[in-house]
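Student: Got a structure for you, questions after.
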Amino acid sequence: MTATTTESRATATPPQQPPASRRRRQRKAKDDTSAEAGIGWTVLAWAITVIFFAPVAWMVLTSLHIEADAATNPPSILAKLTLQNYQALFNRGVAPFLINSAIASVGSTLLVLVLAIPASYALSIRPVEKWTDVMFFFLSTKFLPPIAALLPIYLLVQKAGMLDNILTLVILYTSMNLPIAVWMMRSFLAEVPVEILEAARIDGAGFVRTIVSVVMPIAAPGLAATSLICFIFSWNEFMFAVNLTSTTASTAPIFLVGFISSQGLFLAKLCAAATLVSLPVLIAGFAAQDKLVRGLSLGAVK
Amino acid sequence: MTTTISDHVPTTEAPSGPPPKTRSRREAWLRRGPLLPALIFTIIVTQIPFLITIAVSLLNWNIQRPGVKSFLGLGTYQSFAGLSNFGTVFTDSRLRAAVVNTIVLTASVVVISALVGLGIAVLLDRKFPGRGVARTLLIAPFLIMPVASALLWKHALYNPDYGLFNGLLNWVWQLFGAQQGPVVDYVSSTPMPAVIAALVWQWTPFMMLILLAGLQSQPGDVLEAAKIDRASPVQIFRHITLPHLRRYIELSVLLGSVYVVQTFDAIFTITQGGPGSATTNLPYEIYLTMFRKFEYGEAAAAGVVVVVGTIIVATFALRTISSLFTEEEMSR
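Same order as they appear, the protein sequences are chains A and B. The C-terminal residue of the first sequence carries number 301 in numbering that gives the first Met the number 0, and the numbering is unbroken. The C-terminal residue of the second sequence carries number 331 in numbering that gives the first Met the number 0, and the numbering is unbroken.
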């Protein structure tokens with residue numbers, strides 16, 4: 000920032016200026032103050048970062064302490080580290096919950112892609128008439144609060160005998176993420192150059208061929224980002240999971256909530272569980288962080 | 000994109016093959032084909048439940064009492080209720096409290112996290128050592144599973160005996176020679192601020208990311224020109240950055256509102272809506288009405304009210320997105 004300022008000043012020197020020496024002195028003084036201010040801003044930025052990250056760091060640290068050290072007051076930051084809480088989680092059967100979460104989120108993400116890729120093709124590359132209306136229809140469904148649909152969905156799922164069934168979550172998560180995916184994928188497909196599509200058409204490539212061999216390789220980063228966003232939202236979903244599953248299809252967040260009923264000291268194990276279930280999304284989110292904002296704003300912000 | 004499409008359309012309707020009318024109709028269906036699976040899926044899964052919600056909201060239906068009439072084979076209800084469930088929604092003190100709590104919770108979380116997010120975005124818009132790392136760490140609160148972060152706040156931070164907040168207070172007090180720091184039970188004494196703080200922590204990164212993208216999309220030459228004209232940083236921020244950011248602020252606030260209104264995890268986990276109904280918001284109240292009171296009609300009516308409220312906010316959100324969207328189309 001400082002560098003740009005001085006540079007622009009130097010190049011943009013107007014004709015009448017004080018003598019060079021004086022100018023230099025002024026500029027130097029200005030640099031010193033802005034450098035000091037710069038350090039101040041940097042320290043502030045890092046201080047805020049540390050404050051915001053502290054709960055996460057505390058969660059991870061506590062998960063590595065034994066229960067007795069986790070529950071001291073004042074906190075014992077330097078206590079001995081151990082992985083025994085994570086061991087305990089697997090002894091308590093966290094694995095099926097993680098597997099259910101993986102099936103629900105990966106399954107729904109795949110289904111979303113199967114539906115969203117052709118749809119976004121029909122909304123960008125060879126658009127249907129009134130395609131903007133279709134886009135906004137998809138978007139408007141994202142704004143309907145899922146809680147208002149819980150009762151009818153519960154009744155329908157119960158009638159279909161699909162309570163406590165992972166397939167139910169796959170379908171619901173697909174409908175939850177499809178608008179996001181359509182909007183994101185459309186914004187990526189809109190960037191595919193027309194010339195390439197023309198060339199493919201002239202070479203006689205059909206719809207499927209064009210998508211698989213021409214569009215997808217170009218839109219691959221967008222596809223990856225879209226998948227990660229869908230994965231994040233399905234993995235973290237709680238409201239449908241807690242109300243529509245009971246034992247066999249319960250996902251990771253349900254395991255976490257079930258923890259509280261346990262007796263005695265549980266803070267370290269709780270932190271270990273919270274860390275463990277958050278890990279896949281933290282990794283996915285960090286990997287997709289450049290595209291995160293595009294997904295969160297439904298493709299409106301790049 | 001507009002140019003892309005118009006370039007594209009004439010070439011695809013090349014003047015060969017069957018007569019134009021049948022061809023263009025077939026062409027239109029060929030275009031629609033890829034869209035239909037997604038469209039039909041979305042209509043079935045999202046629209047039918049809402050029609051059912053509206054229908055149930057007009058019924059007296061408590062599943063603990065014997066029903067006499069079948070509702071689409073999904074269950075039996077007592078009688079037709081007209082609009083009386085809506086009367087209950089607006090007069091029942093619990094539901095009225097839930098409406099107020101929803102507004103307080105949503106407005107506080109969105110406004111505070113947008114302001115904090117704006118501050119952080121401005122700090123991150125400068126180059127400084129480790130900026131990429133700082134940004135990555137700042138996103139973390141948004142990525143932690145919401146239920147996990149609610150549990151983290153409730154037990155690891157707020158707990159009066161061994162939570163980090165009281166632990167740090169105690170540590171500071173002991174540093175100054177006191178025997179014992181103050182013991183504050185945050186969740187019981189200030190339930191609403193406790194929930195708001197946890198949600199602000201979770202939503203600030205969301206606001207920050209959108210606003211940072213807005214800041215970084217500022218045209219560099221305008222900022223340079225302002226600097227050459229010796230505008231102060233404050234002047235630049237007020238007269239150039241803020242007007243440019245306006246629509247990004249709108250977008251983050253509106254999208255944030257639409258999402259925060261739906262908050263269920265944090266209430267369920269941190270306070271269970273209590274003490275009393277001090278932190279019961281509409282989603283949690285609907286959940287209670289449905290699965291604790293078994294009043295399906297009332298739950299559906301409350302659901303309809305939430306949808307109508309959301310539509311009002313969402314209309315503005317759609318307008319903002321639409322303006323960003325068309326601007327993007329124009330710029331191509």
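Where a beta carbon is used, it is the ideal one built from N, C-alpha and C, also for glycine.
Tell me the DSSP secondary structure of Q83(A) in three-state form.
Tutor: Mapped onto the first sequence, residue 83(A) falls at position 84. Correct three-state label for Q83(A): helix.
Student: Per the contact definition of three or more C-beta pairs closer than 8 Å, is the segment 252-272 of chain A in contact with the segment 123-130 of chain B?
Tutor: no
Student: Could you tell me which of S245(A), V214(A), Q288(A) and T250(A) sits nearest to Y172(A), measuring between CA atoms?
Tutor: Taking the first residue of the first sequence as position 1, residue 172(A) is located at position 173. Considering only alpha carbons, the answer is T250(A).
Student: Q261(B) touches chain A at which residues, Cβ-Cβ below 7 Å?
Tutor: Taking the second sequence and counting its residues from 1, the one referred to as residue 261(B) is at position 262. Residues of chain A passing the Cβ test: P144, P145 and I146.
Student: Please state the DSSP three-state secondary structure of K129(A).
Tutor: On the first sequence, residue 129(A) is found 130 positions in, with the first residue counted as 1. Secondary structure at K129(A): coil, using DSSP grouped into helix, strand and coil.
Student: Keeping to the same chain, check which residues put their C-beta closer than 7 Å to that of N99(A); ignore five residues upstream and five downstream.
Tutor: Position 100 of the first sequence, counted from the first residue, corresponds to residue 99(A). Once the five neighbours on either side are set aside, the close Cβ partners of N99(A) are I165, A248, S249 and T250.
Student: For the putative contact between S107(A) and N176(A), defined by C-beta atoms under 8 Å, what is the C-beta separation to the nearest angstrom?
Tutor: Residue mapping note: residue 107(A) aligns to position 108 of the first sequence, counting from 1. Residue mapping note: residue 176(A) aligns to position 177 of the first sequence, counting from 1. 7 Å between Cβ atoms; contact.
Student: So the candidates are A149(B), R134(B), R318(B) and G302(B); which of them puts its Cα closest to the Cα of V98(B)?
Tutor: In the second sequence, the residue the question calls residue 98(B) occupies position 99. Ranking the options by Cα distance to V98(B), first place goes to G302(B).
Student: Go through its chain and collect everything with a Cβ distance to A103(A)'s Cβ below 7 Å, but skip five positions before and after it.
Tutor: Numbered from 1 along the first sequence, position 104 holds the residue referred to as residue 103(A). Taken in chain order, the residues that qualify are I165, L168, V169, Y172, S233 and T250.
Student: Run down chain B in chain order and give the residues with a C-beta less than 8 Å from the C-beta of I165(A).
Tutor: Walking along the first sequence from the start, residue 165(A) turns up at place 166. Within chain B, no residue comes near I165(A); the closest Cβ sits about 16 Å away, beyond 8 Å.
Student: Please identify, using Cβ separations under 7 Å, the residues of the segment 166-185 of chain B that lie next to chain A, in order along the chain.
Tutor: G166, N169, W170 and Q173
Student: Let me make sure I understand the geometry here. Which of A287(A), R200(A), V191(A) and G257(A) has the alpha-carbon closest to that of A223(A)?
Tutor: For this step, residue 223(A) is matched to residue 224 along the first sequence. Nearest C-alpha to A223(A): A287(A).
Student: Given a threshold of 16 other Cβ atoms within 10 Å of its Cβ, counted over all protein chains shown, does V133(A) qualify as buried or as exposed?
Tutor: Locating residue 133(A) in the first sequence gives position 134, counting from the first residue. Classification of V133(A): buried, given that the 10 Å Cβ count is 16 or more.
Student: Can you check DSSP and say which residues form a bridge with Y295(B)?
Tutor: Taking the second sequence and counting its residues from 1, one reaches residue 295(B) at position 296. Paired residues: none, contrary to the question.
Student: At the level of alpha carbons, what is the spacing between S296(A) and V183(B)?
Tutor: Indexing the first sequence from 1 puts residue 296(A) at position 297. Indexing the second sequence from 1 puts residue 183(B) at position 184. Going from the Cα of S296(A) to the Cα of V183(B) covers about 38 Å.
Student: For T75(B), list the residues DSSP reports as bridge partners.
Tutor: Within the second sequence, numbered from 1, the residue matching residue 75(B) stands at position 76. In DSSP, T75(B) forms a bridge with S69(B).
Student: Closest Cβ-Cβ distance between F236(B) and chain A: below 8 Å?
Tutor: Numbered from its first residue, the second sequence carries residue 236(B) at position 237. With 8 Å as the cut-off, F236(B) does not count as an interface residue toward chain A.
Student: Kindly say whether W202(B), judged by its beta-carbon, lies nearer than 8 Å to any beta-carbon of chain A.
Tutor: On the second sequence, residue 202(B) is found 203 positions in, with the first residue counted as 1. Interface with chain A (8 Å Cβ-Cβ cutoff): W202(B) is excluded.
Student: Classify W202(B): buried if its beta carbon has 16 or more other beta carbons within 10 angstroms, exposed otherwise.
Tutor: Taking the first residue of the second sequence as 1, we reach residue 202(B) at position 203. The residue in question, W202(B), is buried, as its Cβ has 16 or more Cβ neighbours within 10 Å.
Student: Using a Cβ-Cβ cut-off of less than 9 Å, list which residues of the segment 33-47 of chain B approach chain A; keep chain order.
Tutor: Under the 9 Å Cβ criterion, the segment 33-47 of chain B contributes P33, L34, L35, P36, A37, L38, F40, T41, I42, I43, V44, T45, Q46 and I47.
Student: Do you know offhand how far L275(A)'s Cα is from F89(B)'s?
Tutor: As a working mapping, residue 275(A) is identified with position 276 in the first sequence. As a working mapping, residue 89(B) is identified with position 90 in the second sequence. The straight-line gap from Cα to Cα measures roughly 43 Å.
Student: Check whether the Cβ of L117(B) lies closer than 8 Å to any Cβ atom in chain A.
Tutor: To locate residue 117(B), count along the second sequence from 1; it is residue 118. Answer no: the Cβ-Cβ gap between L117(B) and chain A never drops below 8 Å.
Student: Comparing C-alpha positions only, which one of F285(A), F254(A), A87(A) and D289(A) sits nearest to L97(A)?
Tutor: For the purposes of this step, residue 97(A) is identified with residue 98 of the first sequence, where counting begins at 1. For the residues F285(A), F254(A), A87(A) and D289(A), the minimum Cα distance to L97(A) belongs to F254(A).
Student: Looking at C-alpha atoms only, which residue of R318(B), P204(B), P232(B) and T288(B) is the closest neighbour of E249(B)?
Tutor: Here residue 249(B) refers to the residue found at position 250 when the second sequence is read from its first residue. Looking at the Cα atoms, R318(B) is the closest of the given residues.
Student: Hey, which unbroken runs of the beta strand (DSSP E) at 3 residues or more fall wholly within the segment 103-187 of chain A?
Tutor: Taken in chain order, the segment 103-187 of chain A contains no complete beta strand (DSSP E) segment of 3 residues or longer.
Student: What whole-angstrom Cβ distance do S123(A) and A199(A) have, given they're in contact under 8 Å?
Tutor: Along the first sequence, one-based indexing puts residue 123(A) at 124. Along the first sequence, one-based indexing puts residue 199(A) at 200. Not a contact, Cβ separation roughly 15 Å.
Student: Just the chain A side, please: which residues come within less than 9 Å of P140(B) by C-beta, in chain order?
Tutor: As a first step, residue 140(B) must be located in the second sequence, where it is residue number 141. Within 9 Å Cβ-Cβ: F51, F52, P54 and V55.
Student: Are the C-beta atoms of T81(A) and some chain B residue less than 8 Å apart?
Tutor: Within the first sequence, the letter at position 82 stands for residue 81(A). T81(A) does not count as touching chain B.
Student: Assign K158(A) to buried or exposed, taking buried as 16 or more other Cβ atoms, counted over all protein chains shown, within 10 Å of its Cβ.
Tutor: For the purposes of this step, residue 158(A) is identified with residue 159 of the first sequence, where counting begins at 1. K158(A) is exposed by the Cβ-count criterion.
Student: For L281(A), which residues in the same chain have their Cβ closer than 7 Å to its Cβ, ignoring the five residues on either side in sequence?
Tutor: Taking the first sequence and counting its residues from 1, the one referred to as residue 281(A) is at position 282. Contacts found: none.
Student: From A313(B) to K141(A), what distance separates their C-alpha atoms?
Tutor: Taking the second sequence and counting its residues from 1, the one referred to as residue 313(B) is at position 314. Taking the first sequence and counting its residues from 1, the one referred to as residue 141(A) is at position 142. If you take the alpha carbons of A313(B) and K141(A), they lie about 10 Å apart.
Student: Contact between the segment 160-179 of chain B and the segment 78-88 of chain A: three or more CB pairs below 8 Å?
Tutor: no
Student: Who are the Cβ neighbours of V305(B) in its own chain at under 6 Å, not counting the five residues just before and after it?
Tutor: Here residue 305(B) corresponds to residue number 306 of the second sequence, with the count starting at 1. So the qualifying residues of the chain are L281.
Student: Flag Y76(B) as yes if its beta-carbon sits less than 8 Å from any beta-carbon of chain A, otherwise no.
Tutor: Walking along the second sequence from the start, residue 76(B) turns up at place 77. No, because no Cβ of chain A sits closer than 8 Å to the Cβ of Y76(B).
Student: With distances taken between CB atoms, is the gap from Y157(B) to I146(A) smaller than 8 Å?
Tutor: Within the second sequence, numbered from 1, the residue matching residue 157(B) stands at position 158. Within the first sequence, numbered from 1, the residue matching residue 146(A) stands at position 147. The answer is no: Cβ separation not under 8 Å.
Student: List, in chain order, every chain B residue whose beta-carbon is nearer than 8 Å to that of I217(A).
Tutor: Taking the first residue of the first sequence as position 1, residue 217(A) is located at position 218. In chain order: nothing, as chain B lies at least about 14 Å away.
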